[in-house]
Structure formats: structure tokens, C-alpha cells
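Just so it is clear: in the sequence shown, position 30 is 30 by the UniProt record's numbering, and no numbers are missing.
Below: the structure, in C-alpha cells.
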Amino acid sequence: MTTDAAPANDAVAGVDALSYEEAREELVTTVRTLEAGNLTLEDSLRLWERGEALADRCQAWLDGAKDRLEKARAARDEQSED
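Next up, the structure:
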């Protein structure tokens with residue numbers, strides 16, 4: 001059995017450019033497709049790899065939003081102390 005990194009790269013291409021909403025919507029579709037089955041093993045693996053990349057993208061957006069909220073709260077609290 002040989003492995004090829006190119007399919008994995010193809011599977012995650014463009015994910016970094018997606019908004020949170022776009023990534024989440026595609027992730028939902030990906031999960032539904034995987035759950036339905038009827039795919040070859042290779043197609044399933046490629047779709048799973050893309051799903052992992054989409055989940056990571058969503059988490060990055062959520063982490064960024066959390067950081068922004070924490071900074072805004074800290075700035076507000078700092079102004080209240082003055």
C-alpha cells in the first residue's frame with residue numbers, strides 16, 4: 001500500500017479562506033455525506049480529511065472570537081477602574 005500526500009492537500013485546499021459560516025455549513029454537509037455511506041474508501045478518507053480541516057477552521061474562528069471578547073471585556077473593565 002502506498003500513501004500519497006497530494007489527495008490530503010487537495011481535500012483541504014481553500015479551507016483557510018472560508019468564513020466561519022461557510023466552513024460550518026460545508027462541515028454539516030460533509031458529515032451527512034459520510035454518515036450516508038455509499039462512498040468508496042478513498043472518497044470517504046478524502047472527505048474525512050476535509051471535514052477535519054473544516055472543523056479546525058471553525059475552531060480557529062471560535063477561538064479568535066473568544067479572544068476578541070476577552071480583550072473587549074478587559075478594556076471595558078480597565079476603563080471602569082479609571
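From the three backbone atoms N, C-alpha and C, an ideal C-beta is built for every residue, glycine too.
When the Cα atoms are used, what is the spatial distance from residue i to residue j?
i, j, result
"Thr-40", "Glu-26", "20 angstroms"
"Thr-2", "Arg-32", "Interpretation of Thr-2 is limited by its pLDDT of 47, a score under 50 that renders its predicted location unreliable; the figure taken from the coordinates is listed afterwards. Cα to Cα, Thr-2 sits roughly 29 angstroms from Arg-32."
"Glu-35", "Ala-74", "43 angstroms"
"Asp-63", "Glu-22", "16 angstroms"
"residue 84", "Ala-65", "With the chain covering 1 to 82 only, the question about residue 84 has no answer from this structure."
"Val-28", "Asp-67", "25 angstroms"
So, for residue i: in the same chain, excluding its five sequence neighbours on each side, which residues have a beta-carbon less than 6 angstroms away from its beta-carbon?
i, result
"Ser-80", "none"
"Asp-56", "none"
Take the Cβ of residue i as the centre, count every other Cβ of all protein chains shown within 10 Å, and call the residue buried at 16 or more, exposed below.
i, result
"Ala-53", "buried"
"Val-15", "buried"
"Leu-69", "exposed"
Leaving aside the five residues before and after residue i along the sequence, list all residues of the same chain whose C-beta is less than 7 angstroms from its C-beta, in chain order.
i, result
"Val-12", "Glu-49, Arg-50 and Ala-53"
"Thr-30", "Leu-47, Arg-50, Gly-51 and Leu-54"
"Tyr-20", "Cys-58 and Trp-61"
For the candidate residues the options, whose alpha-carbon lies nearest to that of residue i?
i, options, result
"Cys-58", "Asp-77, Arg-24 and Ala-65", "Arg-24"
"Val-18", "Asn-9, Ala-60, Arg-73 and Glu-78", "In the sequence as displayed, the identity of residue 18 is Leu instead of Val. When each option's Cα is compared against that of Leu-18, the closest is Ala-60."
"Asp-10", "Gly-37, Asn-38, Tyr-20 and Leu-47", "Leu-47"
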